[in-house]
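Under the numbering used here, residue 440 is the last one in the sequence shown; the count climbs by one each step, no gaps. Glycine residues also receive a C-beta, built at the ideal position from the N, C-alpha and C atoms. What follows is a single structure, written as structure tokens, with notes after it.
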Amino acid sequence: MTGVAATPELAAPVSAPILQTPLPAVALPPRTRPSRHRLRWIGGGVALLLAGVGGWYYGVPLVLGPIVHTQPLARVTLVQTLVATGHVATRYRIDIGTQIAGIVKQIPVTDGQTVVAGQTLLVLDGTEARALTQQAEATRQQAIAQDRQRQTLTLPAAEQDLVQATAARVRAEQALARNLSALGLESPAALDDARKAVDMLRAAERSALLSVSSDRRGGSNAQLTASAMELASANLRVVRAREQFRTIVAPRAGVLIFRAVEVGDVAHVGDVLMRLAPAGEMEILVQVDEKQIGRMAVGQSAVASPEAFPATRFDARVRYINPAIDVLRASVDVRLLIPAPPDVLRQDMTVAVEIETGRRPQALVVHVEDVYERSGTAPWVLLVRAGRTARQQVQLGVVSAGVVEVTSGLKVGDLVVPHAFSSLAIGDRVRVRPPPVVVP
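This is the structure we're talking about:
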């Protein structure tokens, strides 16, 4: 009998459980490693990528050169100055002393006080001076009394003696004449006696005449008494002047900057008791190195500032340069006049002075440190030309405040390489940029 063979699934009863069999494993293709050739290509790509980045970052300086911060040269006014330190003083100082010795009785002033002309500074004890004055006055009165005695007593007595001597001489001469007229009546001895008497009376008359002449005005006695009186008067004036010397006054207005005496001290002639700085013009005394003499001249202007008040600045002017050199210090004394001293200035105050010794208008200047071999015979600077460094020889002028004048070798607009880039070689490529702005 012909029939269709049923499949096993169909032959199984419907309620029969379904068998869950595991799925067969799928076979994956084998894992392969990249070849060395491929790794080389990958590494090369990475290297090229890094090289590109590095070339972008570093390639520009390598090709165009490093950046140099500089500016084109321009003409400026160069002021050459000389800086020195000195002290304030008046043109001169007055040493106060005494012309007589004595004990200090009063000192009505103090150190640092401002005084006016004629003000009392010191008083000496006047006991001895008063005694000397009294003595001189007594001597003068004695001379006056002697002269009065000459006029009232000595001269009249001499004149009376002259009158008597003249009368006696006349009587003797008359008696002699009578004896001579009576010839033969008088003996020769009597005549000789008469003649002697006449001679003696004539001598007495001459003596009386000399006494009168001496006591009269212009005579020797009159001159002696007049001289004694004048000497006594002069001595009195000296004593009175010396008495005035016991009071010492200020010879002029100023400031007392020194005192070396106290009440009770013995002041001796020649001692400096006080020192006065006269009011008026003030100066600055400085010592300048002798190497700078060639730069100095009378009339140069300056600016000064006290170290105690650095914000205070005032003008000064060179008024004197000592022609002599201080051998020990190799320096020159210079005096500067202060036309308008500020109120803060004090005697012997230390000040800094900046003296203008030269001025160059329209000068080309570079920093001193940017000049190579400056002390040699061929100084030079490093320039930027067409993007490369180049050496340029220059001639220098005055130096001031860290800059130096270039008299030849450079022109306006040249780019000088600063010393900070001294590691560059001649011919190197560079890129010029302005200096960075520093914000304070």
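To the nearest angstrom, how far is the alpha carbon of Q393 from that of L78?
Looking at the two C-alpha atoms, the distance is approximately 21 Å.
Distance, E405 Cα to S375 Cα:
When rounded, the distance between both Cα atoms is 14 Å.
Which same chain residues, not among the five before or five after P342, have their C-beta less than 7 Å away from its C-beta?
If the five residues before and after P342 are omitted, its C-beta is found closer than 7 Å to the C-beta atoms of T312 and F314, all from its own chain and listed in chain order.
Could you tell me which of F309, D147, S301 and Q395 sits nearest to Q80, measuring between CA atoms?
Here the closest residue by C-alpha is S301.
Alpha carbon to alpha carbon, how far is V519 from G86?
This structure cannot speak to residue 519, because the chain is shown only from 1 to 440.
Just the Cα atoms here: how many angstroms apart are V318 and M296?
In a straight line, the C-alpha of V318 is about 9 Å away from that of M296.
Go through its chain and collect everything with a Cβ distance to P435's Cβ below 8 Å, but skip five positions before and after it.
If we look at P435 and ignore the five residues flanking it on each side, its Cβ neighbours are H69, T70 and Q71.
As a quick exercise: from P306, A208, E281 and V249, pick the residue whose alpha carbon is nearest that of R335.
Of P306, A208, E281 and V249, the smallest CA-CA separation from R335 is found for E281.
With the cut-off set at 9 Å, would you say R429 and G387 are in Cβ contact?
Taking 9 Å as the Cβ cut-off, R429 and G387 qualify as a contacting pair.
Could you tell me which residues DSSP pairs with S400 in its beta bridges?
According to DSSP, S400 bridges with V403.
Kindly indicate which three-state DSSP category K196 falls into: helix, strand or coil?
Three-state result, K196: helix.
Considering only DSSP beta bridges, list what T350 is partnered with.
By DSSP's assignment, T350 forms a beta bridge with H87.
What's the C-alpha gap between A203 and A167?
If you draw a straight line from the Cα of A203 to the Cα of A167, it comes to about 13 Å.
What residue range does the beta strand (DSSP E) around S331 cover?
Segment S331 to I338, the beta strand (DSSP E) holding S331.
Following the continuous alpha helix (DSSP H) through I144, name the residue where it begins and the one where it ends.
Counting along the chain, the alpha helix (DSSP H) containing I144 begins and ends at T127 to Q149.
Here's the rule I'm using: 16 or more other beta-carbon atoms within 10 Å means buried, otherwise exposed. How should S331 be labelled?
Buried, because 16 or more other Cβ atoms sit within 10 Å of the Cβ of S331.
With a cut-off of 8 Å on the beta carbons, I'd call V109 and V115 a contact; round off their distance for me.
Indeed, because the Cβ distance is near 6 Å, the residues count as touching under 8 Å.
Between the beta-carbon of A363 and the beta-carbon of G397, is there less than 9 Å?
Closer than 9 Å, so yes.
Give me, in chain order, the residues of the same chain whose beta-carbon lies closer than 7 Å to that of F258; leave out the 5 immediate sequence neighbours on both sides.
Counting only Cβ-Cβ distances below 7 Å, and skipping sequence neighbours, we find M274 and R275.
So what does L256 bridge to, in DSSP terms?
L256 has L276 as its beta-bridge partners, per DSSP.
Suppose you measure from the CA of A145 to the CA of A129; what does that come to, to the nearest Å?
Each residue's alpha carbon lies about 24 Å from the other.
How about the region 126-140 and the region 229-237: do they share at least three Cβ pairs that are nearer than 8 Å?
Contact holds: three or more Cβ-Cβ distances are below 8 Å.
Top-ranked residue by Cα proximity to V240, from T127, D199 and R329
For the sequence presented, residue 240 should be read as Arg rather than Val. For the residues T127, D199 and R329, the minimum Cα distance to R240 belongs to T127.
Three-state class that DSSP yields for D326 in the structure shown
In the structure shown, D326 sits in a strand (DSSP, three-state: E or B).
Is V76 closer than 9 Å to V365 when the C-beta atoms are compared?
Yes, Cβ-Cβ distance for V365 and V76 is below 9 Å.
Mapping DSSP to helix, strand and coil, what is L10?
Note that L10 has pLDDT 34, beneath the 50 cutoff, so the model's placement of it is unreliable and the number below is only indicative. L10 falls in the helix class under three-state DSSP.
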